[in-house]
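Convert by adding 2 to the 1-based position in the sequence shown; the result is the number in the working numbering.
Quick reminder that beta carbons are idealized off the backbone N, C-alpha and C, glycines included.
What follows is a single structure, written as structure tokens, with notes after it.
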Amino acid sequence: MPAYLLPTSEGADWTTEHPPSYDAPNPRQILRIALNLKFLIDEIVPIIYTEEQITCDHSRILNSRVLKLARQACGGESDRKSSRKYQSVMIFCLLKVCSWYWDLAACELHNAEIYLLRATTAQQLCKLIIEEEEQIDLHYTLIQMLCRRYVINENDLDCDAESALELAMDMHCTIVIGSSGYQRCLKWLWRGWIVQNRFDPSTYVLCEKIPSYQFTTHFHPDRLKTPMYQNILEVFFSVVFLILYTIVVNSKDSEAVTGIDVCEGIFYFFTIGSVLDEVYKVYHVGWNYVGFWNAFNDVMYSIIITSMGLRIVSVSPIHTKYPAAYWDKISYRILSCAAPLVWSRLLLYLESSRFVGALLVVLKHMMKESIVFFFLLLLMTIGFLQGFLGLDSADGKREITWPIMSNLVLTVLGEGGFDMFENFAPPYAAILYYAYCFIVTVILLNILIALYSTAYQKVIDNALDEYMALMAQKTLRYIRAPDEDVYVPPFNIIELIITPFMHLMPRKSAKEFSNSVMMVIYFPMLVFIAMKEVREARRVAYNRMKKLDDDANETDVAWDLTDGYVEEDDEWIPNGNGSGIAATQRKNRRSLQLQREAENVDPSFKVKRTWYKEVKSAVQPVEKGFESGIGWENYDIYRELSEKHASTEKKVEDLTNMVKELTNLVKELKIEQTSK
């Protein structure tokens with residue numbers, strides 16, 4: 003096959019057996035493709051089916067003919083390059099169609115059920131197309147269909163460029179996110195095997211460094227852009243941040259105001275860097291970046307920044323109404339209130355674990371569901387509070403306003419009391435308080451329990467897809483606001499300091515200067531990255547030698563004697579002798595030899611060759627049922643009827659031919675008799 007050149011983020015060329023990037027269709031063409039796909043879905047889902055009929059494997063509704071029609075809806079000439087150019091936007095367009103159906107369901111409530119079913123159909127079509135294309139051309143699926151950003155024209159306006167990968171995550175399309183191709187794309191992005199093209203931010207390319215086992219190739223600051231390595235750095239700095247917080251919050255051992263020591267200064271340095279990072283990402287990504295953990299971190303940083311401000315006031319020469327010791331005491335007390343948040347923040351970086359990830363998803367959904375409870379509680383509390391305040395001011399004086407407010411709050415927590423209302427405006431205050439207690443403790447709290455139970459059950463029933471959606475959000479969080487140079491907080495303050503000087507340098511010199519700075523501050527991490535990747539490069543080289551995908555042979559399963567890779571024979575810094583590859587080949591040959599010898603001990607042990615044919619004949623006709631749209635359950639009946647119909651047609655055709663022959667013979671006899 004001819005080799006093509008694929009541009010990479012480094013501006014180099016990477017020789018592959020895959021064609022170069024296609025030109026993206028223009029926004030109006032993408033709109034037409036989306037309209038064609040919407041027409042297709044409207045036709046194939048004219049009535050309300052059960053959702054299982056749509057989403058089940060080898061659905062009779064979404065059969066192979068529908069998938070073929072979906073590809074044809076993209077247009078293009080019959081040649082592969084033209085059609086593939088337009089088919090690359092299929093997933094993006096189907097997700098847009100899904101969002102249109104959601105909008106219709108919100109506007110037309112009487113037809114909401116069928117619109118939601120059609121939205122599910124669009125998602126399932128995405129999943130089927132991704133998984134089918136993954137088997138045909140993996141790189142095309144990952145780079146063109148999922149990672150590339152496209153622009154669609156809606157209401158005569160071009161929307162912001164967005165990829166199918168990002169759109170599925172923003173829309174929380176768990177069906178699409180759960181597809182194998184989508185998860186594989188996330189895995190390659192997480193490892194840094196797919197990187198953003200430095201010359202075109204709308205496209206992604208395969209990293210040319212992956213198959214190289216030269217240590218210096220991987221020892222480069224650009225590899226820090228990999229989400230996996232950024233996550234490792236964030237986990238490390240989060241632990242350091244926690245240690246510094248513990249030291250600072252427990253360092254107060256006297257009433258005297260002491261200056262800011264080294265640990266406290268580093269702690270504030272970490273905090274300022276994290277705050278600047280949050281502001282930077284929100285500015286570049288927009289509201290899509292804002293989520294549960296961002297709000298959580300913002301609350302924590304606000305508390306720490308407030309404490310830091312008061313601490314600076316206490317040690318500064320500024321004269322205030324209160325002495326420095328007062329501000330110092332308040333500062334430490336406010337800082338102590340952040341302790342639960344600082345420790346809980348570790349969960350953000352442990353969400354890669356499936357257990358912690360599922361736990362966080364449940365927690366997030368419970369917090370969303372509790373909004374209804376708190377809204378109702380707020381309305382009830384304000385209403386009853388106004389009633390009690392009215393009773394208090396009925397005599398022209400307000401005497402127990404604050405006790406009333408505190409008692410209403412304590413009632414929600416189960417600590418309220420009836421004592422204060424016994425002699426207060428009888429019997430009106432007692433009646434109001436009894437009603438308030440009944441509504442809060444019997445009705446509202448049970449509503450909260452029901453909401454939490456519903457949220458928990460909803461997440462647990464779909465726990466795997468929700469976890470994969472969480473990991474998608476985690477991965478895309480690192481790549482949606484790409485920085486030219488990666489300075490993980492608190493090192494982003496160093497970037498802020500050197501940026502003005504870099505603007506005074508030529509672009510190339512500024513880049514070299516920034517790389518030098520990062521090599522110094524990230525030296526241990528870069529050594530770890532290079533050592534890790536040069537070992538992985540051996541396996542990638544072995545896979546390419548076997549004409550397998552780059553991520554093959556990562557696990558050694560028991561039922562395949564030729565899979566896996568022997569990494570133990572590779573040195574930490576490979577020297578090019580191919581020891582791991584040779585060891586893997588020896589292992590595979592030995593495994594096959596031992597298996598053959600063990601099987602040949604008893605000549606009667608082997609099964610007959612006809613056994614394999616019998617197994618295939620016993621299999622249900624799933625593929626043929628999917629292709630025909632009949633379904634595997636009814637395909638045998640359909641096949642028998644088709645055969646009988648074909649046999650009948652043949653008999654009718656034979657009889658017709660016989661009648662024609664007899665008619666011709668009669669005509670010939672008549673002609674002969676007439677001639678005589």
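Quick check: the region 472-492 against the region 236-246, are there 3 or more CB pairs under 8 Å?
With a cut-off of 8 Å, the region 236-246 and the region 472-492 count as touching, because enough Cβ pairs lie within range.
Within 10 Å of its beta-carbon, does M547 have 16 or more other beta-carbons around it, so buried, or fewer, so exposed?
exposed
Let me confirm a value: P223 is counted as buried when at least 16 other C-beta atoms fall within 10 Å, else exposed. Which label applies?
Buried, by the Cβ-count rule.
According to DSSP, is L393 part of a helix, a strand, or is it coil?
helix
Quick test of the definition: if touching needs 3 or more C-beta pairs under 8 Å, does the region 143-159 touch the region 81-93?
yes
Less than 8 Å between the CB atoms is what I'm expecting for P203 and Y480, so what's the real figure, rounded?
So it is not a contact: roughly 15 Å between Cβ atoms.
Expected contact under 8 Å - CB spacing of L119 and E54 to nearest Å:
That pair is no contact at about 11 Å.
Of the listed residues L33, P29, H60, E45, nearest to V624 (C-alpha basis):
H60
Report the rounded CA-to-CA distance for E655 versus K646, giving the unit in angstroms.
Our two residues, E655 and K646, have alpha carbons roughly 14 Å apart in a direct line.
Suppose you measure from the CA of P4 to the CA of I116; what does that come to, to the nearest Å?
Model confidence at P4 stands at a pLDDT of 33, short of 50, so the residue's coordinates are unreliable; what they give is reported in the following sentence. If I take the Cα positions, the gap works out to 48 Å.
Suppose contacts are defined by Cβ-Cβ distances below 8 Å. Is L33 in contact with N155 by that definition?
Contact: yes.
Can you check whether the CB of V414 is closer than 8 Å to the CB of L379?
yes
Express the C-alpha separation of K283 and F440 in angstroms, rounding to a whole number.
46 Å
According to DSSP, is S204 helix, strand or coil?
In the structure shown, S204 falls within a coil segment according to DSSP collapsed to helix, strand and coil.
Does the Cβ-Cβ distance between R592 and Y215 come in under 8 Å?
no
Contact check, E168 vs L478, beta carbons under 8 Å
yes
Opposing strand residues paired with N545 [DSSP bridges]:
Per DSSP, none; premise fails for N545.
Taking the continuous beta strand (DSSP E) assigned at Q198, which residues delimit it?
196-198
Based on the DSSP secondary-structure assignment, which residues constitute the bridge partners of E156?
L159
Determine, using beta carbons only, whether M173 and A471 come nearer to each other than 8 Å.
no
I673 classed as buried or exposed, judged by whether at least 16 other C-beta atoms fall within 10 angstroms
I673 should be labelled exposed.
Mind checking T273: buried by the 16 CB within 10 Å criterion, or exposed?
buried
Identify, in the order they occur along the chain, each residue of the same chain with its Cβ nearer than 7 Å to the Cβ of W195, setting aside the five sequence neighbours on each side.
Within the same chain, W195 has close Cβ partners L208, C209, I212, D552.
Among K626, K652, N296, which has the Cα closest to the Cα of R641?
K626
Three or more beta-carbon pairs under 8 Å between the region 251-263 and the region 362-373, yes or no?
Contact fails: fewer than three Cβ-Cβ distances are below 8 Å.
DSSP beta-bridge partners of E134
None, per the DSSP bridge assignment.
Can you tell me whether R62 is helix, strand or coil according to DSSP?
coil
Residue interval of the alpha helix (DSSP H) (run including M171)
166-173
If you run the structure through DSSP and keep just helix, strand and coil, what is R151?
Here DSSP, grouped into helix, strand and coil, assigns R151 to strand.
What is the DSSP secondary structure of H222, reduced to helix, strand or coil?
coil
Decide if E266 is buried, meaning its Cβ has at least 16 other Cβ atoms within 10 Å, or exposed.
buried
For the region 430-449 against the region 379-394, are there 3 or more C-beta pairs whose distance is under 8 Å?
yes
C175 vs C76 beta-carbon contact at 8 Å:
Contact flag unset, no.
Helix, strand or coil for T557? Go by DSSP, reduced to three states.
coil
Within a Cβ cutoff of 7 Å, which residues of the same chain sit near I43, ignoring the five residues on either side of it in sequence?
If we look at I43 and ignore the five residues flanking it on each side, its Cβ neighbours are V99, R120, T123, A124.
So, at 8 Å on beta carbons, what are the nonlocal neighbours of I179 in its own chain, with the 5 sequence-adjacent residues on each side left out?
A170, M171, Q185, D467, M470, A471, A474
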